[in-house]
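**Q** Residue numbers (my numbering): 41 to 383. Take a look at the following structure, please.
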Ligand SMILES: Nc1ncnc2c1ncn2[C@@H]1O[C@H](COP(=O)(O)OP(=O)(O)O)[C@@H](O)[C@H]1O
Ligand SMILES: [Mg+2]
């Protein structure tokens with residue numbers, strides 16, 4: 041990994057194939073991610089959605105080689121066609137930050153409390169590039185401006201505690217995009233924020249898409265978050281992809297009962313008018329990866345399952361159900377069309 045690869049629109053920025061992650065626990069080996077495959081195209085934003093425990097963070101960490109050393113990771117992860125799974129720590133250090141940057145949920149924990157925010161943004165740049173003085177300062181202020189921090193020149197000299205939660209998350213995004221990474225992985229970047237601030241931070245992602253050609257993986261448990269930001273959506277359940285589709289098909293023509301269940305639990309305008317209709321939560325809990333149900337892992341929570349029958353008998357493969365649309369359901373035609381969703 042010596043030189044930055046040229047962006048070829050035909051080569052995915054990221055390609056993940058058969059990614060499987062086993063983690064040792066006191067109860068035994070836990071398969072957190074099972075045979076996961078997906079690609080991210082240049083400039084594309086992929087939303088990765090699923091309930092807590094579905095394997096979203098483990099996937100993100102596996103891509104960056106950040107899992108504990110006890111983790112057993114197999115499959116293939118390629119960045120611009122070059123394998124990064126199993127790359128040396130030295131190679132990975134070059135990839136992280138420069139080519140792939142990650143944003144975590146907890147911006148406060150990630151920032152150094154005793155260092156001005158601008159200095160930290162500056163360090164994110166100088167780790168990978170030799171630049172200093174006025175040029176560095178200018179770049180720092182520009183980055184803070186890009187992520188929507190008002191009075192960026194003054195704000196650069198302030199400490200994290202002088203920033204609000206939303207501002208701190210913006211500062212984290214500024215650090216992440218400091219080296220124009222080809223891929224930005226954001227793990228629940230708005231989960232700790234209240235709804236208004238969430239929307240503003242999501243706007244920052246839209247702005248980044250317009251200004252740079254960075255690809256983004258936006259990880260969230262909240263399907264609503266990806267609506268206005270993602271181009272495509274990957275839905276994870278119990279460590280497996282259950283549906284992959286363009287964002288419009290995800291919302292208007294879901295082909296997996298789990299996706300349609302997530303959709304039904306989103307707040308909607310028309311429901312506010314019709315108070316008799318409550319938000320519909322998916323019944324039951326996601327299974328523990330240590331005790332997966334037989335057949336389709338979702339079948340015990342599925343209203344449409346054929347049980348006993350195919351759904352508890354045989355694990356469904358991910359297969360094409362429409363253009364660019366994959367579903368791992370034996371009966372995708374049983375999935376009801378959603379009512380109009382507020383977007
Ligand atoms: N370091 C770890 N050791 C053992 N199990 C883990 C570890 N990290 C995550 N897990 C387990 O892996 C599964 C997936 O976790 P995670 O990827 O964090 O879910 P998500 O981010 O979708 O909420 C969960 O069952 C979780 O308990
Ligand atoms: Mg997580």
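Using N, Cα and C, we set each Cβ at its ideal position, and we do this for glycine too.
(1) Compute the distance between the beta-carbons of residue 117 and residue 80, then report whether it is under 7 Å.
(2) Cutting at 6 Å between CB atoms, please list the residues of its own chain near residue 326, excluding the five before and the five after it.
(3) Answer with buried or exposed for residue 300, where buried requires no fewer than 16 other C-beta atoms within 10 angstroms of its C-beta.
(4) Should residue 384 and residue 266 be called a contact, given that it needs their Cβ atoms to be closer than 7 Å?
(5) Closer than 6 Å from C-beta to any heavy atom of ligand 1: which residues, in chain order?
(6) Within the same chain, show all residues whose beta-carbon is closer than 7 Å to that of residue 278, passing over the 5 residues directly before and after it, in chain order.
(7) Would you list the residues sitting across from residue 277 in a DSSP beta bridge?
(8) So what does DSSP say about residue 220, is it helix, strand or coil?
(9) Report the residue from 134, 194 and 214 whose alpha carbon sits nearest the alpha carbon of residue 143.
(10) Classify residue 64: buried if its beta carbon has 16 or more other beta carbons within 10 angstroms, exposed otherwise.
(11) Could you check the C-alpha separation between residue 228 and residue 189 for me, to the nearest Å?
(12) Please name the residue in 289, 355, 345 and 371 whose C-alpha comes closest to that of residue 378.
(13) Could you please give me the residues that DSSP links to residue 362 through a beta bridge?
(14) With a threshold of 16 other CB atoms inside 10 Å of the CB of residue 376, please say whether the residue is buried or exposed.
(15) Hey, quick one: how far does the beta strand (DSSP E) through residue 79 stretch, first residue to last?
(16) From residue 345 to residue 245, what distance separates their C-alpha atoms?
(17) What three-state label does DSSP hand residue 305 in the structure shown?
(18) Since residue 60 and residue 77 should fall inside the 8 Å C-beta cutoff, what is the C-beta to C-beta distance between them, to a whole number of angstroms?
(19) Return helix, strand or coil for residue 286, following the three-state DSSP convention.
(20) Quick one: what's residue 243 bridged to in DSSP?
(21) Between the C-alpha atoms of residue 194 and residue 209, what's the straight-line distance to the nearest angstrom?
(22) Checking contacts by CB at 7 Å: is residue 291 closer than that to chain D?
(23) Using 8 Å as the Cβ pair cut-off and three pairs as the minimum, do the segment 225-243 and the segment 132-148 touch?
(24) Going by DSSP, what residue range makes up the beta strand (DSSP E) through residue 63?
(25) Hey, how far is the Cα of residue 71 from the Cα of residue 105?
(26) Does the Cβ-Cβ distance between residue 260 and residue 113 come in under 7 Å?
(27) For residue 97, does the three-state DSSP call read helix, strand or coil?
(28) Please state if the CB of residue 176 and the CB of residue 205 are separated by a distance shorter than 7 Å.
(29) Are residue 263 and residue 302 closer than 7 Å when you measure CB to CB?
(30) Indicate the three-state DSSP secondary structure (helix, strand or coil) for residue 157 in the structure shown.
(31) Which same chain residues end up closer than 6 Å to residue 62 when comparing Cβ atoms and leaving out the 5 residues on each side of it in sequence?
(32) To the nearest angstrom, how far is the alpha carbon of residue 97 from that of residue 350?
**A** Once the coordinates are examined:
(1) Walking along the chain shown from the start, residue 117 turns up at place 77. Walking along the chain shown from the start, residue 80 turns up at place 40. The answer is no: Cβ separation not under 7 Å.
(2) Position 286 of the chain shown, counted from the start, is the residue given in the question as residue 326. Around residue 326: 91 and 93.
(3) Locating residue 300 in the chain shown gives position 260, counting from the first residue. Burial call: buried.
(4) Given that the chain is displayed from residue 41 to residue 383, the structure contains no residue 384 and the question cannot be resolved.
(5) 63, 65, 70, 72, 90, 92, 93, 94, 95, 96, 97, 98, 108 and 329
(6) For the purposes of this step, residue 278 is taken as the residue at position 238 of the chain shown. The answer, listed in chain order, is 94, 326, 327, 329, 332 and 337.
(7) In the chain shown, residue 277 corresponds to position 237, counting from 1. The partner list for residue 277 (beta bridge, DSSP) reads 280.
(8) Position 180 of the chain shown, counted from the first residue, corresponds to residue 220. Residue 220 falls in the coil class under three-state DSSP.
(9) Taking the chain shown and counting its residues from 1, one reaches residue 143 at position 103. Closest by alpha carbon: 214.
(10) As a first step, residue 64 is located in the chain shown; it is residue number 24 there, counting from the start. Its Cβ having fewer than 16 others within 10 Å, residue 64 is exposed.
(11) As a first step, residue 228 must be located in the chain shown, where it is residue number 188. As a first step, residue 189 must be located in the chain shown, where it is residue number 149. Whole-angstrom Cα-Cα distance: 20 Å.
(12) For the purposes of this step, residue 378 is taken as the residue at position 338 of the chain shown. Residue 289 is the option with its Cα nearest to residue 378.
(13) In the chain shown, residue 362 corresponds to position 322, counting from 1. DSSP lists 365 as partners of residue 362.
(14) The residue you call residue 376 lines up with position 336 of the chain shown. By the 10 Å Cβ count, residue 376 comes out exposed.
(15) Taking the first residue of the chain shown as position 1, residue 79 is located at position 39. That run of the beta strand (DSSP E) goes 68-80.
(16) For this step, residue 345 is matched to residue 305 along the chain shown. For this step, residue 245 is matched to residue 205 along the chain shown. Between residue 345 and residue 245, the C-alpha separation is close to 38 Å.
(17) Residue 305 sits at position 265 when you count from the first residue of the chain shown. Residue 305 falls in the coil class under three-state DSSP.
(18) Locating residue 60 in the chain shown gives position 20, counting from the first residue. Locating residue 77 in the chain shown gives position 37, counting from the first residue. Their Cβ separation, rounded to whole angstroms, is 10 Å, which puts residue 60 and residue 77 out of contact at 8 Å.
(19) Residue mapping note: residue 286 aligns to position 246 of the chain shown, counting from 1. The answer is strand: DSSP assigns residue 286 an E or B state.
(20) As a first step, residue 243 is located in the chain shown; it is residue number 203 there, counting from the start. For residue 243, which the question treats as bridged, DSSP gives no partner whatsoever.
(21) Working through the chain shown from its first residue, we reach residue 194 at position 154. Working through the chain shown from its first residue, we reach residue 209 at position 169. C-alpha separation (whole angstroms): 18 Å.
(22) Although the question refers to chain D, the structure presented lacks it and comprises just one protein chain.
(23) yes
(24) The residue you call residue 63 lines up with position 23 of the chain shown. Element bounds for residue 63: 54-65.
(25) Working through the chain shown from its first residue, we reach residue 71 at position 31. Working through the chain shown from its first residue, we reach residue 105 at position 65. Cα-Cα distance, rounded: 17 Å.
(26) Stepping through the chain shown from its first residue, residue 260 is reached at position 220. Stepping through the chain shown from its first residue, residue 113 is reached at position 73. No; because the gap between Cβ atoms is not below 7 Å, this pair is not in contact.
(27) Taking the chain shown and counting its residues from 1, the one referred to as residue 97 is at position 57. In this structure, residue 97 counts as helix in the three-state DSSP scheme.
(28) As a first step, residue 205 must be located in the chain shown, where it is residue number 165. As a first step, residue 176 must be located in the chain shown, where it is residue number 136. Going by C-beta atoms, residue 205 is not nearer than 7 Å to residue 176.
(29) Position 223 of the chain shown, counted from the start, is the residue given in the question as residue 263. Position 262 of the chain shown, counted from the start, is the residue given in the question as residue 302. Result yes, Cβ atoms of residue 263 and residue 302 sit closer than 7 Å.
(30) On the chain shown, residue 157 is found 117 positions in, with the first residue counted as 1. The answer is helix: DSSP assigns residue 157 an H, G or I state.
(31) Looking up residue 62 in the chain shown gives position 22. Contacts found: 69, 71 and 112.
(32) Counted from its first residue, the chain shown places residue 97 at position 57. Counted from its first residue, the chain shown places residue 350 at position 310. Approximately 31 Å, taken between the alpha carbons.
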